[in-house]
Each structure stands twice: as C-alpha cells, then as structure tokens.
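Peer 1: In my numbering, the protein residues as written are 142 to 233.
Heads up, the beta-carbon is just placed ideally off N, CA and C, and yes, glycines get one too.
Small disclaimer: the values here were computed from a predicted structure and weren't measured.
Would you mind keeping the following structure in view while I ask a few things?
What follows is the structure, given as structure tokens:
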C-alpha cells in the first residue's frame, strides 16, 4: 500500500494561505511559518502529519499528497477545515 509523509499549514482564508506560500517560496522556513500561523494542532510540530496511507486524510488532501512533486509547497488546497499549504516530504 502507498504511504506518504507530509506537513501542512492550515489557515482560515485563501489570501493568508497565498501570502504564506509566497513567504516560504522566498526563503522562509516552512516549519517556523506553521508554528506561527497554522490553526491545526500539528502546527506546534512544524506542521508534521507523520506517515499515512490513501483515505486517511480528506479527499482534497489525498489528491495532492499522492500526486504532487516531493518537497515542493502545494496550495492553497481548500477543505472543509480551511485552506492548506502542503509539502509532501516522502512517498513510497
């Protein structure tokens, strides 16, 4: 079965999500941005979600995590929880 590891940042608005993505692409540290701005409890661990398989996260998440390039910030991805930036750190 496929497995992936990822980290994410969850915020309330698409505008904030896009702004944070620009900061990360300009060199800001993903984990530090997650600690500062993510509304998800995982933010305290730099957004780390650990390892998971298909179907363990919401559909919109799965679609990105199991298809996106590794170590490249993806998003904004809208789910029922808000807007996410995702970074897939490994996949097998």
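Would residue 182 be called buried (16 or more neighbouring beta carbons within 10 Å of its own) or exposed?
Peer 2: Residue numbering aside, residue 182 sits at position 41 when the chain shown is read from its first letter. Counting Cβ neighbours within 10 Å, residue 182 comes out exposed, since fewer than 16 surround it.
Peer 1: Between the C-alpha atoms of residue 165 and residue 159, what's the straight-line distance to the nearest angstrom?
Peer 2: Residue 165 sits at position 24 when you count from the first residue of the chain shown. Residue 159 sits at position 18 when you count from the first residue of the chain shown. So the two alpha carbons sit approximately 10 Å from each other.
Peer 1: If you measure between the beta carbons of residue 218 and residue 205, is that distance less than 7 Å?
Peer 2: Residue mapping note: residue 218 aligns to position 77 of the chain shown, counting from 1. Residue mapping note: residue 205 aligns to position 64 of the chain shown, counting from 1. Yes, they are a contact pair.
Peer 1: What is the DSSP secondary structure of residue 219, reduced to helix, strand or coil?
Peer 2: On the chain shown, residue 219 is found 78 positions in, with the first residue counted as 1. Strand at residue 219.
Peer 1: Mapping the DSSP letters down to three states, classify residue 202 as helix, strand or coil.
Peer 2: As a working mapping, residue 202 is identified with position 61 in the chain shown. Looking at residue 202 - three-state DSSP - the assignment turns out to be helix.
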